[in-house]
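Remarks on the structure that follows.
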Amino acid sequence: MSDAFFPSWVDGRIVADDAFAQAYAAVSDRQRAWLKTTIARHQALYGFPECDAGSARFSLRQGGAVSVHSRPADWCIAVLEKNYASGPRLLAATLPALLSGVRAVCVVRIGADDSWPAAVLTACELAGIELVADMTPDAAVSLLQEVHARGRGRVMLLGNHEQVGSVGQICAAADIAAWREPHISCLAADSAADKDVLRWAHPGVDVVEATSASAARALVAAAQKTDICRHAIVHLGTGQEGLFYWPQLSRAFFTEQSVSFTG
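The sequence shown finishes on residue 283 if you use the numbering used here, and the numbering steps up by one all the way, no holes.
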């Protein structure tokens with residue numbers, strides 16, 4: 021079942037199909053709608069790549085030429101700490117890779133021995149991510165080392181920084197481009213915000229009263245006053261509480277580039 025880019029031993033760790041079915045049934049219609057809306061927003065903002073790879077050649081005024089070659093990264097692995105439970109945030113971390121043309125995408129949860137959160141599995145299913153696996157930290161490091169030997173990729177580190185730290189250290193040592201999900205300490209919400217939806221989208225994160233100070237600390241604000249919202253990285257207006265998007269992630273992060281100079 022594993023993508024040809026990933027080693028065959030991953031198959032023994034892949035989440036079973038019936039677990040996906042059970043998770044899908046456990047997520048309400050409204051919650052699935054939030055996940056689908058998050059996907060739609062990313063498709064609208066990122067669009068779809070017109071081509072997987074390309075080159076552009078430029079003649080230089082002083083003589084000679086330079087060619088710029090671009091292509092999507094070969095692979096992307098999203099590494100989740102064992103308690104990671106946010107479906108919308110998982111989509112916000114993986115959809116940019118998919119929409120940038122990365123074909124081999126895998127989601128790995130490390131150090132867990134319980135069932136997957138329903139929202140996370142449903143998010144993977146709706147996004148078309150079939151490679152979803154449980155691994156020990158050592159197995160995750162082995163996977164990373166193997167795929168890195170086969171091509172250039174990206175790693176998304178999601179959740180508790182200490183739990184995904186061993187993978188992050190390997191990335192730093194091997195010069196693998198990695199993105200660490202910013203820590204959301206709290207959610208700043210006003211009286212008009214749907215706090216139940218916020219708690220579903222960001223399990224375990226406290227919801228606090230929206231002020232300029234709390235919005236800046238929280239990174240995420242669900243409020244109507246612009247003087248409060250401008251302090252947050254992500255502002256969710258009324259009726260938008262269940263979707264998510266990381267503005268720091270761009271197509272460029274998932275693109276490999278090289279240049280060639282000729283006379």
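Idealized CB from N, CA, C, for every residue including glycine.
Leaving out five residues on either side along the sequence, give the residues of the same chain with a beta carbon under 7 Å from the beta carbon of residue i.
i: residue 102; result: 129, 130, 131, 132 and 183
With residue i and residue j assumed to form a contact (beta carbons below 8 Å), what rounded beta-carbon distance in angstroms separates them?
i: residue 93; j: residue 174; result: 5 Å
i: residue 57; j: residue 112; result: 12 Å between Cβ atoms; not a contact.
i: residue 238; j: residue 221; result: That belief does not hold up - the Cβ atoms of residue 238 and residue 221 are roughly 13 Å apart, past 8 Å.
i: residue 96; j: residue 176; result: 7 Å
i: residue 281; j: residue 167; result: Incorrect: roughly 30 Å between the Cβ atoms, too far for contact.
Hey, quick one: how far does the alpha helix (DSSP H) through residue i stretch, first residue to last?
i: residue 157; result: 157-170
i: residue 105; result: Looking at the DSSP string, residue 105 is not in any alpha helix (DSSP H), and its letter there is neither H nor E.
i: residue 53; result: 49-66
i: residue 216; result: 215-221
For residue i, write down the residues that DSSP places opposite it in a beta bridge.
i: residue 249; result: Residue 249 is not bridged to any residue.
i: residue 189; result: Paired residues: none, contrary to the question.
i: residue 173; result: 95
i: residue 34; result: 153
i: residue 209; result: 229 and 242
i: residue 178; result: 100
Would you mind reading off the limits of the beta strand (DSSP E) that contains residue i?
i: residue 241; result: 240-242
i: residue 85; result: 85-92
i: residue 229; result: 226-229
i: residue 276; result: 275-282
i: residue 200; result: 197-200
Spatial neighbours of residue i within its chain, please: C-beta separation below 6 Å, excluding the five flanking residues on both sides.
i: residue 51; result: none
i: residue 217; result: 261 and 262
i: residue 243; result: 210, 230 and 249
i: residue 110; result: 140 and 143
i: residue 42; result: none
i: residue 104; result: 178 and 179
i: residue 163; result: none
i: residue 197; result: 174
For residue i, which residues of its own chain have a beta-carbon under 8 Å away from its beta-carbon, when the five flanking residues on both sides are left out?
i: residue 119; result: 62, 63, 66, 67, 68, 69 and 271
i: residue 190; result: 161, 164, 165 and 196
* Write down every uninterrupted run of the beta strand (DSSP E) in the segment 109-150 whose length is 3 residues or greater and which is fully enclosed by it, in chain order. => You should have 124-130.
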